[in-house]
Amino acid sequence: MPKTDAVAGDLRSSGLVRGAAFEIEFDSRPIPAHDGETVLGALWAAGIASLHVTARTGEPRGFYCGMGACFDCVVEIDGVRNMRACLTAARPGMVVRSQKDPGTYPAMAHNA
Amino acid sequence: MSNGDAVHRGAADAKADSRPASLLSGSGKAVDVCVIGGGLLGTATAYFAARAGLSVVVLEARDLASGASGAAFGGVSVGIYSYSSALVPKHYVDISKASLGLFEQIADDLGPPLDLKAPGSLDPYFDPDTHASRKERADGLVACGVDCQLLSAKEVLELEPAVNEAVVGATYCPADAHVTPINAVWAFAKAARRHGAEIRTQSPVDEIIISDGRAIGVRIGDEKIFSGHVVNTAGADAPALAAPIGVRIPMDCSRGQMFVTERVPRLFNTYIHNIKQTPSGTIVYGATRESGAMDVVTTPEGTRQVNRWACQVVPALANIAVLRSWAGIRPVPADGYPVIGPVDGVANLLVAVMHRGVTLAPIVGKVLVDLIVDGKTEIDIEPYRLSRFSNQDAVVTAAVEETYYAKD
Amino acid sequence: MSAARAAADCGARVTVLDEYARPGGQYFKRAAPAFALEHDQLSREHERGEAKRAAIDDPRITVLSAALVWGVFDDSTIMFQRDGKPESLRAGAIVLATGAHDRPVAFPGWTLPGVMTAGGAQTLAKTQWVKPGHRVLMAGSGPFFLPVAQQLVRAGCNIVAILEATRRTQWLAHLPALWGQWPRFAEARDYLRTIRGAGIPVRTGYKIVAAEGDGRVAAARIAKVDADWRAVPGSHETLEVDAIATGYGFLPAIEIAASMSCDLRWDSDGLAWFVDCGRDMATSRPGVFAAGEITGIAGAAPAIEEGIIAGIGAAAHAGLIGEAEADQRRLRPLARRAKLDRFARMINSLFRPRPGLWEGVDGDTVVCRCEEVTALEIRAAAADGCVTLKAVKDLTRAGMGLCQGRTCRALVTTLIAEEAGIDPGSIPFPRIRPPIKPVLAGALAAMALPGDTGPDSEATG
């Protein structure tokens, strides 16, 4: 399998040989990725911190547990919402979009 | 230690120790109304009672809305009688209409977290043979003064594009509404409290106390609570409370399994029986109708059946993730119609048990309070008397030979 | 993996259902084969992990990866989803080894991008070789931190400080339990060498108090703590960081076991419910065994022994070996596990979370991340008589989101306990119903059921 040196991406560790290089798309921007990386790995390395925006307060979220339990890192991948970026392998040509979580909020019984 | 009972018992014990000293601890002081059951009927009754200036306490065995009120779909509708597809009698349409109107009237006073929405309800059908009975239903409702339209397939898809394009037609009631039932219970409870009611959870009633043919209170463990009236709105548990005092409430309960999805962007313009989108964007749908199943669990068969049906009605559901399932027991009296009102042979005891308590809770709460305050009500509840079920008189057995304090 | 190997050794046909893409779980996770790593870039566990993966590469063992188990019915029928398609499996016996995840710890700003668990930082660094940030703060308690720090250093991270909440004086009382645990010492020495070599300050008796930033973490507020982990007034400092990794223990993933109504036991050190097991790792459900972190947080070594014991029990239940042979086979792993147990208990006691860990959890601080329910709302619900997780959930929506309560459940429990003045162990673990993980409605509609026609598969797994 063809291998390349690590791209000098912002947060990628240097000094190791990654899988084949390709690009994925995030909100219409090209993002470098490698075979063996997850969508989260590729996005985080590129310095993208906000993967989705919450419904109630509109705050940005990145990732929290990194292992598929917390669903903080959800993005839309190839048209499918609520995909966990930390568990999804990056593939050439993948179209990833940040989400704005849907839904209004019913009045909470104990709003501050 | 088992996960179920032992642990749950522990929680109840812990709460019991921290119960506030009650004004009702056998000191002789009484309340006007003691309501058994903290679901929609119970909290609605407490709301109207408190508003009428009565002192009232609600006694809930577990948490508020832990029975059918916590499991229900939440339709507040005049347009459907979901227990059977038979034509709905006018008295039932009338009481449902009155309840929906009342709900809207009190919505502001109830306040958050009530989320009453009225986008209208849709009951689509896919079999041309159903058309005749649907037309009959629509005509019947119109004759009762309810706006109910029979839509063609084209009209259905214009109104609700999410419905399967194989639809043949639908009945559409533009005034129908829905709530999140748990939110409605809490709204009634909080409003009732604001008006002076007391709500007690983790307080299971052991018996209704009878003296001289009159209900005078209830007993919880060693604690006795005396009241001018006792109202039994304990849902599926109502018969068990009534039986020891010789009051029989024949039931034909059925279990319903329900499901809810992740939040999705807005998908519907109305709500469908029974698929709706909540204000938070989740889609709630259901349910099975399993007569006699009393175990509050979801089953693989029920799961497949409901999801198969729901995905057929709304194809987009197939690609939406399901997050939770739950089950509830519909407290259906034996002939399908509500039980509302007094009990022959036991004075000052009122009973209210029904399916579709979500729709009827407001009017039932008001009716029960009317009966307590005035001894009568304008709403026609004759068809719902408990006595319709048996020829035998209610046999009242006095619990203990004792003199109890009368209501002061 | 140990359970599968042990059961296969007893003659069973085994199917392993793994949610991850590659066997190894958390402890033996590794970068994708596409990454060509030099030997010194591999972790200590790498060779053992490879050996374990090789051990289950066996015709009697089938590994189904990326399999999302969403329900188990009748203690024998397992419903799962792969590639969006519904599948099911019938088993003669079941071993649950669903592991644990980092304890979510809330503080103001913890939802900012850049605040993550130590496990999340480790996964990023170890499997992706991507740094969590340019300036990383690690805050937590306990030794499970050390391998994370080492991995981050290996990945070229600049770790600004490591905060350990316990103070050295608190360690002295527990020293006797270290006797005989020499492999642990060697491990710890190795990690500490890397940390010291990188010049990373380790500050004992400190905790994270808040994360600050706009759109992303830019700074961390930290403070000295007393024995109860409460911040000492006047000791606050602000550190410039762009990533915060918290490691305050673990919570077991017991959802499948709970959905099967297995008995659970409350652990007051771990502040969590675990699956209650006998010595043979049998749960209260016949034919259902449990191993690893879901029976108690103890790390990899005891988990491996428990896996072996559970695998033997499963094989015996499925009738492949007799009880006498099972007893015989269990002797050695039981002995090894007993030796390791004392150490695990000591660690769990010494580094148990203290009340100060949730002293900052009030007001606008989010508790349920998925539904953005604040601490104020949850405390108010508890004060209003909601003393069960279900009641709080019904009123506030906490636990109704995508993660199905996994992240907030323990937090909500501690808040209810605090508000109601009750022991958190008296708050029952909620009733868990399928789907245990999100599954498409279409998959539920299309699932096959045992009553339908279809082959029965006799397997343990």
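Protein chains in written order, with the working numbering: chain A, 2 to 113; chain B, 1353 to 1760; chain C, 10 to 470. Virtual Cβ for every residue (Gly too), placed ideally from N, Cα, C. The structure presented is a predicted model; accordingly, all values stated were derived computationally and were not measured.
Asked, Found
"Residue environment, residue 314/C, which counts as buried when at least 16 other CB atoms sit within 10 Å", "buried"
"The stretch 445-464 of chain C: positions lying closer than 7 Å to chain B by Cβ", "447, 448, 449, 450, 451, 453, 454, 456 and 458"
"Limits of the unbroken alpha helix (DSSP H) element including residue 55/C", "55-64"
"Straight-line gap, residue 291/C to residue 327/C (C-alpha atoms, nearest Å)", "13 Å"
"Residue span of the beta strand (DSSP E) that contains residue 1387/B, given as start and end", "1382-1388"
"According to DSSP, residues forming a beta bridge with residue 85/A", "75/A"
"C-beta atoms of residue 67/A and residue 71/C nearer than 8 Å", "no"
"For residue 142/C, the nearest candidate out of 64/A, 72/A, 24/A and 37/A (CA to CA)", "64/A"
"Contact check, residue 256/C vs residue 89/C, beta carbons under 8 Å", "no"
"Interface residues of chain A facing residue 4/C [CB-CB closer than 7 Å]", "Only positions 10 to 470 of chain C appear in this structure, which leaves residue 4/C out of reach."
"Contacting residues, own chain, Cβ-Cβ under 7 Å from residue 1465/B (five flanking each side not counted)", "1535, 1538 and 1539"
"Delimiting residues of the beta strand (DSSP E) encompassing residue 38/C", "First-last for residue 38/C: undefined, no H or E at that position."
"Through-space distance from residue 1639/B to residue 1678/B, alpha-carbon basis", "10 Å"
"Limits of the alpha helix (DSSP H) - the one that residue 1444/B falls within", "1442-1462"
"Residue 250/C in three-state terms, based on DSSP", "coil"
"Rounded separation between residue 293/C and residue 73/C - CA only", "27 Å"
"Local conformation of residue 145/C per DSSP, three classes", "strand"
"C-alpha distance - residue 1548/B paired with residue 1605/B, whole-angstrom precision", "34 Å"
"Residue-chain proximity (residue 1633/B, chain A), Cβ-Cβ < 8 Å", "yes"
"Proximity winner among 1400/B, 1543/B, 1409/B and 1586/B, relative to residue 1342/B (alpha-carbon distances)", "One cannot answer for residue 1342/B here, as it falls past the ends of chain B, which runs 1353 to 1760."
"Straight-line gap, residue 67/C to residue 180/C (C-alpha atoms, nearest Å)", "45 Å"
"Whether residue 450/C touches residue 1496/B by CB criterion (8 Å)", "no"
"Buried or exposed by the 16-neighbour rule on C-beta atoms within 10 Å, applied to residue 1643/B", "exposed"
"Bounding residues of the alpha helix (DSSP H) (the contiguous stretch that carries residue 1714/B)", "1709-1726"
"Closer than 9 Å at the beta carbon, the chain C residues around residue 1670/B", "449, 450, 451, 452, 454 and 455"
"Beta-bridge partners of residue 397/C, as assigned by DSSP", "Beta-bridge pairing links residue 397/C to no other residue."
"Own chain residues within Cβ distance below 7 Å of residue 36/A, not counting five before or after", "20 and 21"
"Boundaries of the alpha helix (DSSP H) in which residue 156/C is found, first to last residue", "154-163"
"Stretch-stretch touch, CB-based, cutoff 8 Å, three pairs: the stretch 275-291 of chain C with the stretch 225-242 of chain C", "no"
"Proximity below 8 Å, CB of residue 441/C to CB of residue 267/C", "yes"
"Cβ-Cβ distance between residue 99/A and residue 122/C below 8 Å", "no"
"Residues that residue 1533/B contacts on chain A, provided the C-beta gap is smaller than 7 Å", "In chain order: nothing, as chain A lies at least about 12 Å away."
"Members of the stretch 24-58 of chain C near chain A, C-beta cut-off 9 Å", "28, 29, 30, 35, 38, 40, 41, 42, 43, 44, 45, 46, 47 and 50"
"8 Å Cβ cut-off: residues of chain B touching residue 28/A", "Correct list: empty, because the minimum Cβ distance to chain B is about 17 Å."
"Residues sharing a beta bridge with residue 245/C, DSSP", "For residue 245/C, which the question treats as bridged, DSSP gives no partner whatsoever."
"Runs of beta strand (DSSP E) lying entirely within the stretch 1578-1631 of chain B, each at least 3 residues, in chain order", "1606-1613 and 1627-1629"
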